[in-house]
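Novice: Just dropping this structure here.
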Amino acid sequence: MTGAAITTCKLLLFGRCVRAVLLSVGVQFLLLTVFLLLVNFQLLHPLNWIMGSLRLVCSFYTWFACIPLLGAIVFYGMALSHQHLAERRYCPTRYRWLLHNGPRKLLFLLAHAVVGYLTAWLYTGYLHSDYRHFIYKSYGQDFVNSYHIFLLGMGLCAGGYYFASEYIQEEISIDFDFAEQSRPEKLRELLYATLLKAPISSVMPTICYTLVFWLFGSFLRHRLSILLHVDTDDRLLGIIDVISNGRLLFYAWLLGAQIVSNMHLMRCFYATMLSERLPMVVGRNRASVPSEQELTIVAGLGVFNVHVVQCLAANFLFQEAQRNTSSVRTEIFQLTEPGNHPANWRALCDQCVSIVGGFTDELNDSMRQIPLDQPIHSDASTALLAEKMLLRQYNQLHGIRPVVSPTYMDAPNREWDAKGTDSIRHVPNWCERTSSKLEKSMQQLLHRIPGIVYFFYEPEGAKTEFLIENALPVIWLTQALAHICVASIKEDSYGVVQDDLPTIIKALHRLKCDLDRLANGMPNLRTNSNNFNHLRYAVRRSLYNICTSFYKYLGDLSSTGEELRQLQTFVYQG
Amino acid sequence: MASLSNLKEIPSLSSPTSAGQRYNYISELDQYPIINLKNELINPSANRITIGHSFIPVETESVPKRISRTFFDGGFWESLAEARSEKTREQAPLISKTADSIAYLLDLYNKIKLKVFPHTQQLSAERIAQYAETRDWINSSVRYIAWHVHLFKLAVAGVDDVVRIYGRTTDNNAGMGHVLKSPTQSQITCMAWRPLCAFELVVGCSQGLCFWIIDNNLHLGRTINPSHTLKHPDNLPISSLKWNKDGTLLASSSIGDRAILIWHPDSKRMKPLKRLGPPGSLLSWSPGNEWIFAATVDRVFRVWKCHDKWTSDRWVCDGGNVQATCWSPCGRFLLFVNTADPILYRLQFVQLHLMTSKSDDREVMPVADLNACSLDSINHTLIGGTAQQLAWDPHGKYIVITFKSTNSIAIFRTYIQKYDLQISGGYYLNGQSLSEYPSFICFQPLNKDNDCSVLTIGWSSGRIQFYALD
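Protein chains in written order, with the numbering used here: chain D, 1 to 574; chain W, 575 to 1044.
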């Protein structure tokens, strides 16, 4: 991939992130208006209520007081951009994950805490005077305001809660819309859904925070009073004081809802902006200036270190491939001038097949580390294997022994004995036996230390799950390739695609076999993971699409008789 | 405008097998299964046995005990009905009077609730039947027929909530395949095989969408359940469903919901397409995936542009609601009928003039008059009236129409040109007897194993007829 393509991608994504930050800034004023309308509600004077609230939003105080929060929003936006655009690297152990993601996650947690705190600080400024100030005067003495501390703490807690629920473990991901609507419609729906959901989702954090404040609130107030050289007040001392103060709880709940919905909206704005269709071209126009922002699909697919760009390129190709009439597809099938070479198709096909093949290889490698239930033939159907598994369980339950005794290959403790029938049998001497026993006992000892296995060992199937979670480009590419191949029957007048059909079929078939093996060997993965189902069925559909369209020529397109038999069975039985 | 007055009786060619089942003959039809659902239907009432039916009631049981037992057996409403029964009224009039008052109050509450929230009205079977494509959906033996897009697989849903799968008949197999039955599948309104997949069928019913994975390796006779079920967010019955061409997206609508739901079943995600207006009734995806036709229970219908940010054009009928619709195989024309007038309308999706916006070119045009007329002077058999269902053959040569109140099937010839569609009179087709009427019709799709237009008719008698059109 060229440097120009990377620069183009960066510029395009930077523009989108800036737009997302601007939207996030704009939504602060909307949320503030909603908050003020709820806090200042007057049933008998509706005009006063609305005018008063709007006047407050438009006042100079608000504009100045908003500046710290807006600064925090920009900081939060930067952290969020970093999360979205960071390279997705596989970390085999939790220790490695902490090393790689720890600082980034900490920074993001800080961003949450700052936004939560500053939102609470800004919003408490509009509340009743009892809740507004950090320190208040009573009988000539200064006191720390427990109500204010409670609400500020709620801001911090809501920010922390959102981080913990959404980001602490999982990598940030974008849900690409399968039915993409116009931006205003998307934003409107998002706003409605968020504002309706937030009041319910903030109930739990409010209750938990109230309990925590009851337990540790006195200690916190005491430390603050020492720090600020003021006295502590005697409000909110017991649980009854806290739960009987309806207005305080209402404010806390409202603040929690506002902060949680604010963060959710910001996250969705980023996802909406970044997942919007990226304009791409099939081949770079020779007449265009090199500095012009023109990104080819192949270059986009080659940006391996920015997952979003790869996804956007794959999605673009998929969308264009499945259209009835597409200029992009026409361009793919065209020959280049001069030379009459199918350069566009060549580059695209090579890139797609290499991505699919690379993914299959990685998946295959990762699957070798998983002890799959049984050796499974790739063409065997899931149901048949499920039957076999049930039969095996039944036999074990009722003590029915197999007629054929299990081979030594199955026994894990006979490794030294099963090196092959041709080689001379090697019997370890006492020294080797002692050292292996010593090694084993040391390993067992290490395993017993709490946290060692948790932090320094690779969980079973972690690599496979990582690959499947990040398989979105492969999902779209396989389907796009299949659509292009099928469309070539009518549209490819120069026959540029037909030479590559066997390669494409082979790549898809290999991936399909591996995914079937994985589905049969790991039932939990099969049933639980939507990503896995999405990938598996997309690959199966793609292969089916090609196989049914080229059914008559399958004999010429498959490399081996076994592959041909499997493909024919696949068309009729799935 | 074409009309029904000049239809001819369809040429009946000799049939070598199963007398009366097939009127014409092509050699491939020999391999089609012989289906008569009346013989195969499972008695629905015998099928649903409650715990209460398993025990003989004790005659000496006191009234409170009987009511409490009914409560635990059948729930609150059953016990209320028991408290208001004749037997209770004789034995304990006070209890039945109290029950009457409770029932009256609950009825009043329901009435007020429906006034305030009319959308919470429960969707009865009669209401579902009103908008279903199948004629007399409640009593019809055949409730829906769906052909596989790529293979010879036919799914037939019966009134007993069972879906039967049929395949090609061979020397040692009569064509009968799996029987799909589940407690989570009742009141089937629609079905569709998933495109680009050999074995997945989705059934739309009152519980939502049941996804069946039909595998040849499953043993016959074993109870199998749907692989998964996707429920409507408001637990409403599904009234129509359609897959897109690639089998990636599934559109569904419900007569209780204004939104069309677009499902992505692989990732189990759903997106509602919302617009103000009456609830949806019927959906139809264009063959090229470009548009979705969405009818509603009122005069309004919409055409959604799938490749243009899912925007929609709104149309209004003169009266009634859209009853049936079908796309031409090329996807440039759409025919539909409404419940108010016996006219076949056309909507075209071709830009006729340069320099005009696409929507300007689209207009609804009447193309055929379906007013009832007499077929023969002897029996005074009528054909026509308000249409029930439309089916366009995959070659684009014939449009088949069934009617709500007359029993014959009308077949018009169609000539599809690039910018125009012409319809002329064709044939009519009757059942075995005058009282037999078509419940459901559809065409077998063209695929590598089939290049004929085979009309599949589910008759009210429960038999399925296959008719090859030239």
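Glycine included, C-beta positions come from ideal geometry on N, C-alpha and C.
#1: Helix, strand or coil for T33 of chain D, going by three-state DSSP, please let me know.
#2: Per DSSP, K575 of chain D forms a beta bridge with which residues?
#3: Is D1023 of chain W helix, strand or coil when you go by DSSP?
#4: Determine the closest residue to N610 of chain W out of W:G1000, W:S714, W:L918, with distance taken between C-alpha atoms.
#5: Taking the alpha carbon of L80 of chain D as the reference point, which residue from D:R323, D:H307, D:Y270, D:Y544 has its own alpha carbon closest?
#6: G958 of chain W lies in the alpha helix (DSSP H); which residues open and close that run?
#7: Where does R19 of chain D fall in DSSP's three states?
#8: Under three-state DSSP, which class holds I997 of chain W?
#9: So if I threshold CB-CB distances at 8 Å, which residues from the region 847 to 870 of chain W count as touching chain D?
#10: By DSSP, does H128 of chain D sit in helix, in strand, or in coil?
#11: Does the beta carbon of K842 of chain W sit closer than 7 Å to a beta carbon anywhere in chain D?
#12: I'd like to confirm the pairing. Which residues does DSSP put opposite K816 of chain W in its beta bridges?
#13: Can you check DSSP and say which residues form a bridge with H802 of chain W?
#14: Would you verify that the beta carbon of I584 of chain W is, or is not, closer than 7 Å to some beta carbon of chain D?
#15: For the alpha helix (DSSP H) containing D556 of chain D, list its first residue and its last residue.
#16: Put Y457 of chain D into one of helix, strand or coil per three-state DSSP.
#17: Who are T1030 of chain W's beta bridge partners in DSSP?
#18: Using a Cβ-Cβ distance cut-off of 7 Å, determine whether N545 of chain D contacts chain W.
#19: What does I310 of chain D touch in chain W if you count any residue whose Cβ is under 9 Å from its own?
#20: Could you give the residue range of the beta strand (DSSP E) that holds T870 of chain W?
#21: Mind checking whether the beta-carbon of A731 of chain W lies closer than 6 Å to any heavy atom of the ligand NAP?
#22: For N912 of chain W, report the span of its beta strand (DSSP E) as first-last.
#23: Can N145 of chain D and H128 of chain D be called in contact, C-beta distance under 7 Å?
#24: Mapping DSSP to helix, strand and coil, what is E171 of chain D?
#25: Using only the alpha-carbon positions, how far apart do I829 of chain W and S813 of chain W sit?
#26: Within the chosen definition, does the region 178 to 185 of chain D reach the region 468 to 485 of chain D through at least 3 CB pairs nearer than 8 Å?
#27: I need the boundaries of the alpha helix (DSSP H) containing V474 of chain D, first residue and last residue.
#28: What does P940 of chain W pair with, by DSSP beta-bridge criteria?
#29: On the CB-based measure, 16 or more other CB atoms within 10 Å of its CB, does R247 of chain D come out buried or exposed?
#30: With a CB to CB cut of under 6 Å and the five nearest residues on each side skipped, what residues in its chain are close to E415 of chain D?
#31: Between G1032 of chain W and F1017 of chain W, which are expected to be in contact by the criterion C-beta below 8 Å, what is the C-beta distance as a whole number of angstroms?
#32: For a contact meaning CB atoms closer than 8 Å, what does N395 of chain D contact in chain W?
#33: State the DSSP-derived secondary structure class of T644 of chain W, mapped to helix, strand or coil.
#34: Starting from V774 of chain W, follow its DSSP beta bridges and name the residues at the other end.
#35: Does the beta carbon of I836 of chain W come closer than 7 Å to any beta carbon on chain D?
#36: Is Q605 of chain W close to chain D? Criterion is C-beta to C-beta, closer than 7 Å.
Specialist: Answer, in terms of the structure:
#1: helix
#2: Residue 575 of chain D lies beyond the stretch modelled for chain D, which goes from 1 to 574, so this question has no answer here.
#3: In the structure shown, the three-state DSSP call for D1023 of chain W is coil.
#4: W:S714
#5: D:Y270
#6: Bounds of any alpha helix (DSSP H) do not take in G958 of chain W, whose DSSP letter is neither H nor E.
#7: helix
#8: Correct three-state label for I997 of chain W: strand.
#9: L847, K848, G862, N863, E864
#10: Residue state, collapsed to three classes: coil.
#11: So, interface residue.
#12: The bridge partners DSSP lists for K816 of chain W are W:A825.
#13: Looking at the DSSP assignment, H802 of chain W forms a beta bridge with W:F785.
#14: no
#15: 554 to 557
#16: coil
#17: W:C1016, W:F1040
#18: yes
#19: The sequence given here has Gln at residue 310 of chain D, not Ile. Here the premise fails: no neighbours, minimum Cβ distance about 18 Å.
#20: Note, T870 of chain W: beta strand (DSSP E), 865 to 870.
#21: As for the ligand NAP, it is missing from this structure, which has no ligand bound.
#22: Per DSSP, N912 of chain W belongs to the beta strand (DSSP E) from 907 to 912.
#23: no
#24: coil
#25: 6 Å
#26: With the cut-off at 8 Å, the region 178 to 185 of chain D and the region 468 to 485 of chain D do not touch.
#27: Start and end: 472 to 491.
#28: W:Y919
#29: Exposed, because fewer than 16 other Cβ atoms sit within 10 Å of the Cβ of R247 of chain D.
#30: A caution first: E415 of chain D carries a pLDDT of 43, below 50, which makes its placement in the model too unreliable to give a value.
#31: Contact doesn't hold; Cβ gap of about 13 Å is too wide.
#32: Neighbours of N395 of chain D on chain W: none; closest Cβ ~17 Å, over 8 Å.
#33: T644 of chain W falls in the helix class under three-state DSSP.
#34: Correcting the residue type first, residue 774 of chain W is Glu in the shown sequence and not Val. The partner list for E774 of chain W (beta bridge, DSSP) reads W:I787.
#35: yes
#36: no
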